[in-house]
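Number of protein chains: 2
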Amino acid sequence: MSFIDFSADRCILNNPTILPLAAGFLWNPHMMIHMTARGFATAQFMQPEPAKYARAQIMEAKHFMLPEQGTYAHHPGRFFYVKDRETGSLFSAPYEPVRAPVEGFAFEVTPTDIRWRVDRPGLRVEITLALPVDDACELWEVTLINSGARPRNISFYPAFPLGLMSWMNQSATYDAALGGIVANCVTPYQKIEDYFKNQSLKDKVCLLSEQTPLAFETRQARFEGEGGLHKPDAIMAEQMADGVALYENPIAALQFDHELNKGERVTHRFLFGPAFDDAEIMRLKATYLSEAGFARARVAYAAYMSAGVKSINIESSDPHLDSFVNAWLPRQVYYHGDTNRLSTDPQTRNFLQDAMGSVYVKPETARKTLLKALSQQHANGSMPDGIRMYDGAELKYINQVPHTDHSVWLALFLEAYLDETDDYAVLDTLVTDGETQTALPVRERISAANQWLIQAVDHRGLNFIDQGDWNDPMNMVGWKGKGVSGWLSLATAHSLRLWSQILERDGKDGAEYAEAAQRFNNAMNTHLWDGDWYGRGITDDDVKFGVKADIEGRIFLNPQSFALMSGAADADKQKRMVAAIEDQMETPYGVEMITPAYTHMREDVGRLTQKFPGVAENGSVYNHAAIFYIYSLYQVNESEKAFELLRKMLTGPNDEDYLRRGQLPVFVPNYYRGAHRQHPEASGRSSHLFNTGTASWLYRSVIEGLFGLKGSREGLRIAPQLPASWPSARVTRHFRGATFEIDITRGKPGLSVDGQVLAGDAITDIVAGKTYKVLVTI
Amino acid sequence: MSFIDFSADRCILNNPTILPLAAGFLWNPHMMIHMTARGFATAQFMQPEPAKYARAQIMEAKHFMLPEQGTYAHHPGRFFYVKDRETGSLFSAPYEPVRAPVEGFAFEVTPTDIRWRVDRPGLRVEITLALPVDDACELWEVTLINSGARPRNISFYPAFPLGLMSWMNQSATYDAALGGIVANCVTPYQKIEDYFKNQSLKDKVCLLSEQTPLAFETRQARFEGEGGLHKPDAIMAEQMADGVALYENPIAALQFDHELNKGERVTHRFLFGPAFDDAEIMRLKATYLSEAGFARARVAYAAYMSAGVKSINIESSDPHLDSFVNAWLPRQVYYHGDTNRLSTDPQTRNFLQDAMGSVYVKPETARKTLLKALSQQHANGSMPDGIRMYDGAELKYINQVPHTDHSVWLALFLEAYLDETDDYAVLDTLVTDGETQTALPVRERISAANQWLIQAVDHRGLNFIDQGDWNDPMNMVGWKGKGVSGWLSLATAHSLRLWSQILERDGKDGAEYAEAAQRFNNAMNTHLWDGDWYGRGITDDDVKFGVKADIEGRIFLNPQSFALMSGAADADKQKRMVAAIEDQMETPYGVEMITPAYTHMREDVGRLTQKFPGVAENGSVYNHAAIFYIYSLYQVNESEKAFELLRKMLTGPNDEDYLRRGQLPVFVPNYYRGAHRQHPEASGRSSHLFNTGTASWLYRSVIEGLFGLKGSREGLRIAPQLPASWPSARVTRHFRGATFEIDITRGKPGLSVDGQVLAGDAITDIVAGKTYKVLVTI
């Protein structure tokens, strides 16, 4: 039995109870919405900091998005109640909060909208949610169809709880002139300096209806009454009381009565979202709230989505992988690069890695990101913890904890960018930084960042870790200024090696950086090679950790991946590391980040923050770490292992895999629960979070690793690493304006282009606009 | 039909649906719990900042306690489900979340515990919640009684949701050795400086059971399943699955199966609360979790409550008032003085006014409070915005907004303290402040505070308002340094007059302060008397506000009250003010603070923060302001009006009054919704918040105003101002160790003590330990 239909243009879940957290997400440059199959929603818009327009019933604290924590009866949602006026029977579409059994159910996520089809006895409800490009608002279309044999007399109620808008003041009522419910609140400011900032906030929320409702209710408590959300008093009544909310949590609920003959249908359109004032509401209504307006918004949104060009289109032996790589993965990559995860202070490492994904879908965005990041470089060459997206943006949350790794990501980004675009001119572009107001070429700035890494070392030549580096949940290993990071030392070696290569390709002297890279690799082999893998670091108190002697936190994935990339590990070491990872870290759901997961603080090793201790992130299959391992396996031609793990990351094509993980295959989440050997029963579940640097590295691994279609100064290199189980594959690769239609088959290795056999592995002298027919035999 | 039974030792609500927010509160020095009749709970404990042990399902932001905002399906609660194993029928006691209809219901709040009696067909559930004195934990006793004719086969399930304990890590399971469910979490720290602070936090929560359960469930999502909280899958099943929560929101749910014959009963005892480690849990269990342990805790708690001595016991023509004044009001006063509202940085004005209440119930607390406050006086004589209760406590929320009124409350406090105790020696006590490390006598410090007020004036001689002063929701009237406060100028005059009197009574020269008081009164009469009332202030831009010309914010209550006290208003002005207030500000629920309520920001007047704009606090019947008006009316012998308003504040003895306000009469709330002339339908409802300076001034108004039993240097002055409707009254007054049994009757004015007629109104030469029989004719 199949619960999920998955293809490149849609993913359908046909049972609301199977995956309670199954969700799709939509975004535009102003907002995003995470919408579950059952009707719960988490939506944010930017003004300029992320804000909510439909809130929880209590004041919510801000934290990173963590949808894994699930929903609850009063979670914000978009509910459409339908009551049979003759029998009194009640259900809500899509499913929450009534949770009435359905005869048929389809939750359909497409790249451009989210749809539902809900079949109840004799009645079908079709729902579509779409976003426009230019505004932060939701466009809802709901069609009720009498699919039974007898005429039906029904009441229909869209009901969108607005939650606690403000503890200071909140209100809502129906505004006939605007044609909908308008809720208002006062931002709870208290300090004078905030007042002037807050004056421009959108404190209103509206639910506009194309049709005039029969009645309305805006008081959440009266709406529910004793019946509760699952059987609201206001809906069980003959007619809503036209209640006006004054200083109480509001809801936007409307009532429409319909008589539908057999086969008859009626369509409603609603607009829901934040607004600054009545004039803006009026504009939103005029722009969108009609059949024609919805259609125009749809066309514009499709155009916006197609601006994220795809680098690759594949036909392999794995149709699930084909759909994911051809449509969903580049969509996720595009989302990251285009929205910066709806953050105003993206972590520098995320900002650069998300931009690395843009290299393949929107290279002009990638270039801008590099220049923006460098404009905030410190005078000493190091990169800041976060990039401020507007004047006055503050470094928040984790960006207030100093991390030492931000400078290593520049060269990693640049390698991808230059290979794809050959835009070496960017290295001569002048960038002025805010700290010193000095204009320097990009080349000098990247060198300065790498020089900073070179000098930030202890007596062993290993990089200080200070309060933390990337991804491993420790912030107290080196806070006294002595502790060092094995992973960071290897990442520095990798960065230096890449930067040396880039300089050489640009006709400059890169030897200094190549030599420095070697020094870091040597220091690691001297001090942190533990016999079968690399240790993670050495604490302020001179204790090595991530080594065999440890009972918890014995082996860390990141040092191994970066040792494969940096050239630190020779063939023997490579073999030992891969074997140790297979033995200790692989799970049915991928490779764990740390094994065994820490269950308590080790005071001698450094205290672990953020994700410590437990079964989730600390020992999780943290996909951003896992994808580096996969990428690094392709670097050393471990293609079978690489593909096996890549396939695990995407979950299988079979429904049981999704059931176990509780998610739809429309995006790769930031982690699956791990600590598999400690808590097998809790491992495997998805975090449901689509914000992750995994996407860009996964796309890069598929393009440059699995299919081996990597750019270079000379042109396009072709060196596929298909798994043995694939007899062949076809790929279309878009590269520097040209199109390459590539057939990969098994046989005597060889490469021909447009019928002509090539000696090397590169197609050179590429002509933009041209289509190349390429035959590869492997 | 009466829904509420109210007396001095209990208040009973007999229908769970009538007042959905009806609640009692219990506290000890470590914690407080606000418990609704229906089973929802809000509880905090100190470690040392206020913390929760049962949380919401999502991360909650901190704000002031605002229980008016109500509850929702997943609000934290203490639920006891009962399932009939034969019929499958389900209910939950007290009422949430199943909300099954009851045959009988009693929610009983007493000064020392909270009880329920829930009658379902053939089954009675009796529940008692008590707190110990020395620990932050809840003691629950639940008795199931077969009240029907046939034997019953039931399952019983205490189910306490624990909510989102930490986004970092949380878990829960049953621990057989400890005899209960223990949940654990990791405090989401990130910064090194927080780590060392957070190490001592109580991150565990336990639900211990005296009996060993049959089964348990600790996973909130599995507990609910598709049935939801109102029909949980785990409870509809034959037996709970012994589920262990790992990184998911936990619940503490236990199952016990019982067969009860006709008339048979079974009693369970549970302990619920936070803990540091297993050793602490073991200690809590050993100390409390038995019939004897519960009984010992009950005795100790009764002793703790009786340490709050009552100053007065009355027998009037108003039994409701008698109960409230004799038991509930001093309980609320005691709560404030003993816990500082569970805050670690009480606002200085609240700290001193709450201590003013302690003058009548625990004078040694009042004295300590004064010395503590003065130890944080600034070098320039002014008082800080909040008092730090421990080293490292931070000024938070509103205490970060500078207010100019904190220095006026010292003399107001001192008048009450000295009148009650005659402890003039306190004025010679040396206090060292943290800022200058100088030891100064209290007398000099109070003078310095008043001198600071004298000099903080503009060219008119009115006090600057800066970013705000007491209680009126404005923080931008004078932020540019020019705007002045009419209320504060009158409060300063009152403070100076009181201080002058205190100095004179102490044999010192107070003339300087009396003259300064007169200057402030004169300045007010010159610049802010508006014809029928005093204006509220003058903005930075020289605009008077709170005057007749204003459409909103036309009249403010506080300036009028303080003009009555300060002596600014002559008899003609007094009459005009009282008439204007009666005409514009009185409502069926009391006197509003501002009329008409602001509905939008007036940029020329100053921007109103905290409570602006709207129907709640801004135009509310803000009881703390209303009680000052009542107190001031007694000062000028407007006793009929004073009593009329005092009675309104306490709500009537009739159930409809409570229905309208939605609360039980066990405490006076900080406000009732106002803006009565703008939104009559929304006015009158209680805020449900028991933290309010109203309590201490209300107690003082009853003691010194209504019953006219005020202390002085000479002894006890006796000048009752009973309402005309009372033919007589009896009072017992405890004063300086003596007891006064006072009979007040109507007739030719006179006073006799122990049969001896007195010439004046004062009983002098009081002998501690003695009981005086006093006859007063008025």
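Chains as they are written, first to last, in my numbering: chain B, 627 to 1404; chain P, 627 to 1404. For glycine and all other residues, C-beta sits at the position ideal for the given N, C-alpha and C.
Opening and closing residue of the beta strand (DSSP E) in which residue i lies
{"i": "B:Phe-786", "result": "778–787"}
{"i": "P:Ile-1368", "result": "1364–1371"}
{"i": "B:Val-768", "result": "764–772"}
{"i": "P:Trp-1125", "result": "Here P:Trp-1125 belongs to no beta strand (DSSP E); instead the alpha helix (DSSP H) covers 1112–1131."}
{"i": "P:Glu-1229", "result": "Note, P:Glu-1229: premise wrong, no beta strand (DSSP E); not H, not E."}
Within-9 Å CB hit, residue i to chain B
{"i": "P:Met-1102", "result": "yes"}
{"i": "P:Pro-646", "result": "yes"}
{"i": "P:Ile-877", "result": "no"}
{"i": "P:Thr-1397", "result": "no"}
{"i": "P:Arg-743", "result": "no"}
{"i": "P:Leu-659", "result": "The amino acid at residue 659 of chain P is misidentified as Leu; the sequence shows Ile. Not closer than 9 Å to any Cβ of chain B, the Cβ of P:Ile-659 fails to qualify, so no."}
{"i": "P:Gly-665", "result": "no"}
{"i": "P:Leu-855", "result": "yes"}
{"i": "P:Arg-704", "result": "no"}
{"i": "P:Gln-1236", "result": "Only weak support exists for where P:Gln-1236 lies, its pLDDT of 42 falling under 50; the coordinates are left without a value."}
{"i": "P:Arg-1356", "result": "no"}
Span of the alpha helix (DSSP H), counted from its first residue to its last, around residue i
{"i": "P:Tyr-1284", "result": "1281–1287"}
{"i": "P:His-946", "result": "945–949"}
{"i": "B:Arg-1299", "result": "Per DSSP, B:Arg-1299 belongs to no alpha helix (DSSP H) and is neither H nor E."}
{"i": "P:Val-1057", "result": "Per DSSP, P:Val-1057 belongs to no alpha helix (DSSP H); it is in the beta strand (DSSP E), 1056–1058."}
{"i": "B:Gly-963", "result": "955–965"}
Closer than 9 Å to chain P by CB, residue i
{"i": "B:Pro-1291", "result": "no"}
{"i": "B:Leu-639", "result": "no"}
{"i": "B:Thr-643", "result": "yes"}
{"i": "B:Gly-1240", "result": "Unreliable placement is indicated for B:Gly-1240, whose pLDDT of 46 sits below 50; the coordinate value is still reported in the next sentence. True, the Cβ-Cβ gap to chain P drops below 9 Å."}
{"i": "B:Arg-1299", "result": "yes"}
{"i": "B:Asn-1097", "result": "no"}
{"i": "B:His-1250", "result": "no"}
{"i": "B:Ile-938", "result": "no"}
{"i": "B:Lys-817", "result": "yes"}
{"i": "B:Ile-684", "result": "yes"}
{"i": "B:Gln-1093", "result": "yes"}
Residue j beta carbon less than 9 Å from that of residue i
{"i": "P:Asn-1263", "j": "P:Tyr-1297", "result": "no"}
{"i": "B:Arg-1311", "j": "B:Thr-1221", "result": "no"}
{"i": "B:Ser-1327", "j": "B:Leu-1272", "result": "yes"}
Whole-angstrom C-beta distance between residue j and residue i, which should lie under 8 Å
{"i": "P:Leu-652", "j": "P:Leu-755", "result": "7 Å"}
{"i": "B:Ala-667", "j": "B:Arg-725", "result": "The Cβ separation is near 17 Å, so there is no contact."}
{"i": "B:Ile-780", "j": "B:Leu-886", "result": "7 Å"}
Legend entry - contact_flag[the segment 1312–1324 of chain B, the segment 962–979 of chain B] where n(CB pairs < 8 Å) is 3 or more: yes
Inset, instruction - Could you tell me whether the segment 1362–1370 of chain P touches the segment 1278–1296 of chain P, where touching means 3 or more Cβ pairs closer than 8 Å? - result: no
Legend entry - Cβ contact (3+ pairs, closer than 8 Å) linking the segment 744–751 of chain B and the segment 859–877 of chain B: no
Legend entry - the segment 1197–1217 of chain B in contact with the segment 1128–1141 of chain B per 3-pair CB rule at 8 Å: no
Inset, instruction - Indicate whether the contact test is met: 3 or more Cβ pairs, each with one atom in the segment 1154–1162 of chain B and one in the segment 1111–1119 of chain B, closer than 8 Å. - result: yes
Legend entry - Given 8 Å, three or more beta-carbon pairs between the segment 1049–1059 of chain B and the segment 979–997 of chain B: yes
Inset, instruction - Could you say if the segment 867–882 of chain B and the segment 717–724 of chain B meet the contact criterion of at least three C-beta pairs nearer than 8 Å? - result: no
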